[in-house]
Amino acid sequence: MPRSFVAEARKRVGPKKQRIRPVIERLAVEHADAAIALKFAGPLELLVSVMLSAQTTDVNVNKVTQTLFLKYRRPEDYLAVPQEELERDIFATGFYRQKARSLRGTMQMLLDEFEGEVPQTLNELIRLPGVARKTANVVSSELGNPEGIVVDTHVRRLSQRLGFTKQEDPVKIERDLVRLVPRDDWPRFPHLMIWHGRRVCIARRPLCEDCVVNDLCPSSRV
Ligand code: SF4
């Protein structure tokens, strides 16, 4: 189990239902550039990028996909080469054997069941081999069809520190967040948490004195 930040939320700052909107609004101003960091053109590249991003950085994925996407343009292309060749082409993203297997399985299913197109609904996306709920959530959200809220390590930490959840498990955290966050904000909420988490609400040493929501945060150290 990763480190918990639930116990840090000790100050009384008012009900979360009243705090959620101002938190989102202020973070949206502060991080106006908050968006997915993966570089892609179209749904297939999005899906592949998100699948490759497991256990590595977006910067690393972007380096690999810069050349990968010149060679692999359609689902068929991932199946036209031997598995070992695809493994070499994605090697730098780590876990390359497993990722190559998942990519090939996914491409096969796209061709067999979805006419070579990336489906947009969560239920269809999670049927693809190697596509977990988090990956499916990112893809459906970026495709303009959000059905949930992406919970990664930053979203988990900030939601706990901000007192939006007392849960540890990502699925339960997501359940709390979809009840709390206005639906229109589902796609941008994770980006705001992620960028605020990288720049200000850092895991080891949050910069609370520089934080635009410190008066709304029960974990504030100022
Ligand atoms: S950086 Fe902001 S959000 Fe994070 S703990 Fe401090 S006040 Fe709360």
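No gaps in the numbering here: position 108 of the sequence shown is 144 in the numbering used here, and each next residue is one more. Every residue, glycine too, gets a C-beta built ideally from N, C-alpha and C. Just so it is clear, the structure is predicted and the values come from calculations on it, not from any experiment.
Not one heavy atom of the ligand SF4 is found less than 7 Å from the C-beta of Ser195.
Here the C-alpha atom of Val154 lies approximately 43 Å from the C-alpha atom of Asp251. Tyr114 is positioned such that its CB atom lies no closer than 8 Å to that of Leu106. Pairing Leu147 with Arg257, the inter-Cα distance amounts to about 53 Å.
Under the 8 Å Cβ criterion, the segment 234 to 247 does not count as touching the segment 208 to 218, having fewer than three qualifying pairs. With fewer than 16 other Cβ atoms from the protein chains shown falling within 10 Å of its own Cβ, Asp205 counts as exposed. Closest in C-alpha terms to Lys99, from the list Ala128, Pro79, Ala116, comes Ala128. Burial is judged here by how many other beta carbons sit within 10 angstroms of a residue's own beta carbon; Val175 has at least 16 and is buried. A Cβ-Cβ contact shorter than 8 Å links Gly130 with Gln91. Following the DSSP letters along the chain, one finds Thr189 inside the alpha helix (DSSP H) bounded by residues 189 to 197. For Asn173, same chain residues with a beta-carbon under 6 Å away, outside a window of 5 residues either side, are Gly184, Val186 in chain order. Using a 10 angstroms sphere on the CB of Leu243, the tally of other CB atoms stays under 16, which defines it as exposed.
Taking a 10 Å sphere around the C-beta of Gly199, we find 16 or more other C-beta atoms and assign the residue as buried. Check the Cα spacing between His190 and each of Leu161, Ser89, Val167, His227: the tightest is with His227. Per the C-alpha coordinates, the member of Thr157, Glu151, Arg163, Ser138 positioned closest to Glu178 is Thr157.
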